[in-house]
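J.: Got a structure for you, questions after.
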Amino acid sequence: MWLVTRYSDVRQVLMDARFQRSLLSAEDAPALTGTPNLLDAPGGLINMDCAEHLRLRRVVQRVFTPRGVKRLRPWVEQAIDRLLDELEERGSPADLMAGYAAAVPNAVMRHLMGVQDLEDDRLRRWAEHAVSDTSRSAEEVAAGLRNLMEFSADLLAERRAAPGEDLVSTLAQAADQQGGVPKAHLANLVGGLVVAGHDTTMTMLGNSLLYILGERPEVCQRLASSKEAAGALAERLVHLIPLGRNPEKPGCLRRAAQDTEIGGVLVRAGEFVAADIGAANRDPSVFTGSPFDDLFAPLESPTLSFGGGTHYCLGIWLARAQLEIALHRLAARFPGLHLTIAVRETEWRLSTTTRSPLRLPAAW
Ligand code: HEM
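Written as structure tokens, this is what we have:
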């Protein structure tokens, strides 16, 4: 497997249609992992290319545009304020991981999907199986994914019969209008969104809170006073803190459909490429300063943390909005917020493709 780390080369791999995802699971491809998870499912959006990918992505795209997310913003703000009210009512100290970092995206995804009564435990279990690396056996992961897909297929059938205003009804209608989208692909998309919408934002919010409260508490005042500043800080932290750590397959995986040159090196058809977005985001020829000095400064070049090209993160605007609002409102509500443990005492959620603290004990 080739490892690509320069900013320009990683961008090239992500933007160039000759580097594909569907070939990762072609018949001649060796298994890249002993425990395939949601990211390896051949029927998932992330593992499709060209026309098949475009057809499924079109079905879902318009809900997640900047305009679509702008419409959602007032609801997200209210939901976050409600969670802060609950934290305040329960009183200090609290676990900010369960009570906030996980609760924010859970509330948003439940609202989007119209599944208000979906229990946190169930959501958490699905996500744990779906992003499991070595934390579960292959059989456990497969069973967890089957359960998630059954839930998604049932939900789609329910919304087809009685459509509402939610994302799942919109997806079912858009797929019917467009035609040619297999039912299994649509169920996979719904399941994928349930997990991606919950796990990524929870991870990023948890890691950001640990860093801010544990190492940079001086930024809290500015965070509280301006939501634009909170947006800039969130973007910088997404840029600098990877969602997870996977030394065997860092970053975004692709397989070459044709012989292609990257950075002067020939990658032959059929060979695998790991485009390491974390390394590219620290490429000193592009990001010249000390990246952690001014957390509110705009980035010198666009971050690659959300990928690039056709598989560019679908949830980018939703993730950005949640991180900005969640960080801003939390700092404004609890000016004296601080961790009650030292950073080095943090226990981590490990053996999954994303990594975040298990708990964030804090007081105000
Ligand atoms: C800070 C939070 C997030 C980060 C850092 C992130 C990162 C990424 C990256 C790097 C990719 C591209 C992977 C590749 O090309 O191999 C991606 C794709 C994707 N993301 Fe996100 N993501 C985030 C939040 C979300 C959210 C909230 C959702 C859903 C609501 C979401 C849904 C997706 C989907 C569906 C894809 C696949 C798109 C496609 O294949 O066309 N993501 N994300």
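Going by this note's numbering, the sequence shown opens with residue 5, and the numbers climb by one from there. The beta carbon of each residue, even a glycine, is placed where N, CA and C say it ideally should be. Predicted model, so just to flag it, every value in this text is computed and none were measured.
Using the three-state DSSP reduction, which class does V145 fall into: helix, strand or coil?
T.: Reduced to three states, the DSSP call for V145 is helix.
J.: Looking only at its chain, what residues have a beta carbon closer than 7 Å to the beta carbon of V80, apart from the 5 residues adjacent to it on each side?
T.: So the qualifying residues of the chain are V112, A325, Q326 and I329.
J.: With a CB to CB cut of under 6 Å and the five nearest residues on each side skipped, what residues in its chain are close to L318?
T.: Only F68 meet the Cβ criterion.
J.: Going by the DSSP bridge assignment, what does P365 pair with across the sheet?
T.: Answer is D99.
J.: Report whether the distance from the Cβ of G282 to the nearest heavy atom of the ligand HEM is below 7 Å.
T.: Checking the Cβ of G282 against the ligand HEM gives no.
J.: Just verifying my parser: in three-state terms, what is the DSSP assignment at V223?
T.: It is helical.
J.: Quickly, what does DSSP pair Q24 with across the bridge? List them, please.
T.: In the DSSP output, where bridge partners are listed per residue, Q24 has R259.
J.: On the DSSP bridge assignment, give the partners of L7 in chain order.
T.: Answer is A278, bridged to L7.
J.: Mind checking which residues open and close the beta strand (DSSP E) that includes L116?
T.: Counting along the chain, L116 falls outside any beta strand (DSSP E), though it belongs to the alpha helix (DSSP H) covering A107 to M117.
J.: Which class does I266 belong to by DSSP, given the choice of helix, strand or coil?
T.: Residue state, collapsed to three classes: strand.
J.: What residue from F276, S355 and L343 has the CA that sits closest to R22's CA?
T.: When only C-alpha atoms are compared, the closest one is F276.
J.: Going by beta carbon distance, what residues of the same chain come within less than 8 Å of V63, once the five residues before and after it are set aside?
T.: Excluding residues within five positions, the ones whose Cβ falls inside 8 Å are L175, A178, A179, Q182, V185, L190 and L193.
J.: Would you tell me roughly how many angstroms separate the C-alpha atoms of Y104 and P306, rounded to the nearest one?
T.: Taking the straight line from one Cα to the other gives about 28 Å.
J.: Between L127 and R94, what straight-line distance do the alpha-carbon atoms span, to the nearest angstrom?
T.: L127 and R94: Cα-Cα distance of roughly 23 Å.
J.: What would DSSP say about V290, mapped onto helix, strand or coil?
T.: Three-state result, V290: coil.
J.: Can you tell me the Cβ-Cβ gap for A131 and D203, rounded? I've got them flagged as a contact below 8 Å.
T.: Confirmed, about 4 Å.
J.: Is there contact here, the region 279–286 with the region 234–254, by at least three beta-carbon pairs under 8 Å?
T.: The region 279–286 is in contact with the region 234–254.
J.: Return the chain-ordered ranges of every alpha helix (DSSP H) run that is complete within the region 22–71 and spans a minimum of 4 residues.
T.: Counting whole runs of 4 or more residues, the region 22–71 contains the alpha helix (DSSP H) stretches 54–65.
J.: I'd like to know whether the C-beta atoms of W352 and L364 end up nearer to each other than 8 Å.
T.: Contact flag unset, no.
J.: So, is G195 buried or exposed, given that buried needs 16 or more other C-beta atoms within 10 angstroms?
T.: So G195 counts as buried.
J.: In the structure shown, what three-state DSSP assignment does V185 receive?
T.: Here V185 sits in coil by DSSP.
J.: What residue does the alpha helix (DSSP H) around G235 start on, and which one ends it?
T.: Element bounds for G235: K231 to L244.
J.: Taking DSSP as the reference, what is the three-state secondary structure of T350?
T.: Note: T350 maps to coil in three-state DSSP.
J.: Classify Q65 as buried or exposed, calling it buried when 16 or more other Cβ atoms lie within 10 Å of its own Cβ.
T.: Flag for Q65 reads exposed.
J.: When DSSP builds the beta bridges, which residues end up paired with T207?
T.: The partner list for T207 (beta bridge, DSSP) is empty, contrary to what the question assumes.
J.: Taking 7 Å as the cut-off, is the CB of R61 close to at least one heavy atom of the ligand HEM?
T.: Checking the Cβ of R61 against the ligand HEM gives yes.
J.: Could you tell me whether the Cβ atoms of L217 and A102 are closer together than 8 Å?
T.: Taking 8 Å as the Cβ cut-off, L217 and A102 do not qualify as a contacting pair.
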